[in-house]
Amino acid sequence: MSIGELHANHRRGTCGPALLMSIWCCLLLLSAACGDRRRAEPVSKARQMERAADRRPEAATDDRPVIVALGDSLTAGFGVDPEQNYPARLQRKLDEGGYRYRVVNMGVSGDTSAQGLNRLAAARELRPAVVIVALGANDGLRGLPLDATRDNLEAILRALKEDGCKVVLAGMEIPPNYGPEYTRDFRALFPELARRYRAALIPFLLEGVGGRPELNQEDGIHPTGQGYRIITENVWRILQPLLDRNP
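Quick note on the numbering used here: the sequence shown kicks off at 1200 and runs consecutively.
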């Protein structure tokens, strides 16, 4: 069962509180286990790939403006072919549409907003024209204090605005079993920060994907390649108006 299915069942009243808690605890344990495995192996590989990409001759000489996708496993594309994640699909969409930009995938599976903040310096070194910030989901899944998540995201948005780049902030949601206040405040955090820092907002990154088993992997958390096709459109609708055809 995915995050979206938990939401849907809760609204329909078909999933009682006790069952909801049991299911979600199982998902949390699964997510934590996957996160531990990612930390042990795929995360380090992702970072090696990022460094290798920076050393490629074409990357060093490519003068196209950069779009950085800063995020967690939903950005990294955990469990799918590298060409199926949303940054890769976004690059193809840009190329096909005649937009002269280079997308850099800086998603690391398991990252919280604090870890994303720690990697911000590497993103800023690329002097990006646009940064897509998709962080906070792991904060919510772990029940981290919202004040800490807010502070981390604010620090990221503030620094990017000081650099003069355009920012897209991806909204996230969590299941209701964390309590109505935490769930409500978590959801409200993203539009609040988008307004404060004048960032373009994707209302919910997983819109149209959450709650659809055929668009999620067996863990019920991470999208399939087809799921990423929809996520790419969610991102594109907000990103496209910010772009210049001849930057």
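We treat Cβ as the ideally placed atom computed from N, Cα and C, and that holds for glycine.
Note down, in chain order, each residue of its chain lying with its Cβ closer than 7 Å to the Cβ of residue i, except the 5 sequence neighbours on either side.
i: GLY1363; result: none
i: ALA1354; result: LEU1316
i: LEU1319; result: ILE1355, ALA1358
i: ASP1384; result: LEU1345
i: THR1382; result: ILE1373, PRO1375
i: TYR1298; result: LEU1442, ARG1444
Give me the DSSP bridge partner(s) of residue i.
i: ARG1288; result: Answer by DSSP bridge pairing: none, since ARG1288 is not bridged.
i: LEU1319; result: Its beta-bridge partners do not exist; DSSP assigns none.
i: ALA1333; result: GLY1270
i: PRO1327; result: Note: PRO1327 sits in no beta bridge, so no partner.
i: ALA1399; result: VAL1367
i: GLY1296; result: DSSP lists no partner for GLY1296.
i: VAL1303; result: VAL1267
i: PRO1379; result: According to DSSP, which records beta bridges pairwise, PRO1379 is partnered with nothing at all.
i: ASP1422; result: This sequence places Pro at residue 1422; Asp is not what is there. DSSP output for PRO1422 lists ASN1415 as bridge partner(s).
Sort the options by Cα distance to residue i and report the nearest one.
i: GLY1284; options: ASP1294, GLY1296, GLU1295, ASP1271; result: Looking at the sequence itself, residue 1284 is Asn, so the reference to Gly does not match. Measuring from the Cα of ASN1284, the nearest candidate turns out to be ASP1271.
i: LEU1442; options: ASP1280, LYS1292, ALA1321; result: LYS1292
i: GLY1370; options: ASN1337, GLN1425, ARG1411; result: ASN1337
i: VAL1330; options: ASP1384, PRO1264, ALA1313, GLY1378; result: PRO1264
i: VAL1332; options: ARG1326, VAL1367, GLN1416; result: VAL1367
i: ARG1444; options: GLY1335, TYR1300, GLU1380, GLY1339; result: TYR1300
i: GLY1306; options: GLY1424, LYS1365, LYS1360, PRO1281; result: PRO1281
i: ASN1351; options: LEU1334, LYS1360, LEU1340; result: LEU1334
i: ARG1386; options: LEU1340, GLN1416, ASN1415, GLU1324; result: LEU1340
i: ASN1433; options: PRO1446, LEU1405, GLU1417; result: LEU1405
Please go through the same chain and pick out, in chain order, the residues whose beta-carbon is closer than 6 Å to the beta-carbon of residue i, but skip the five residues on each side of it.
i: PRO1286; result: ALA1268, VAL1302, ASN1304
i: THR1459; result: Only positions 1200 to 1446 of the chain appear in this structure, which leaves residue 1459 out of reach.
i: ILE1429; result: GLY1407, VAL1408
i: TYR1396; result: LEU1356, LYS1360
i: ILE1266; result: TYR1300, VAL1302, VAL1329
i: ALA1322; result: VAL1267, LEU1269, MET1305
Residues in the same chain with beta-carbon distance under 8 Å from residue i, minus the five sequence neighbours each way, listed in chain order, please.
i: ARG1349; result: LEU1388, LEU1392
i: GLY1424; result: VAL1279, ASP1280, GLN1283
i: GLN1314; result: VAL1307
i: PRO1390; result: GLY1370, LEU1400, PRO1402
i: GLU1188; result: There is simply no residue 1188 to check, as the chain begins at 1200 and stops at 1446 in what is shown.
i: LEU1325; result: VAL1265, VAL1267, VAL1303
By a C-beta neighbour count over all protein chains shown, 10 Å radius and 16 as the cutoff for buried, is residue i buried or exposed?
i: THR1260; result: exposed
i: GLY1426; result: buried
i: GLY1296; result: exposed
i: PRO1422; result: buried
i: GLY1378; result: exposed
i: GLY1342; result: exposed
i: PRO1412; result: exposed
i: PRO1327; result: buried
i: ALA1347; result: exposed
i: GLU1380; result: exposed
Quick test of the definition: if touching needs 3 or more C-beta pairs under 8 Å, does the segment 1272-1279 touch the segment 1305-1313? yes
Counting Cβ pairs, one atom from each stretch, are 3 or more of them under 8 Å apart for the segment 1396-1407 and the segment 1430-1442? yes
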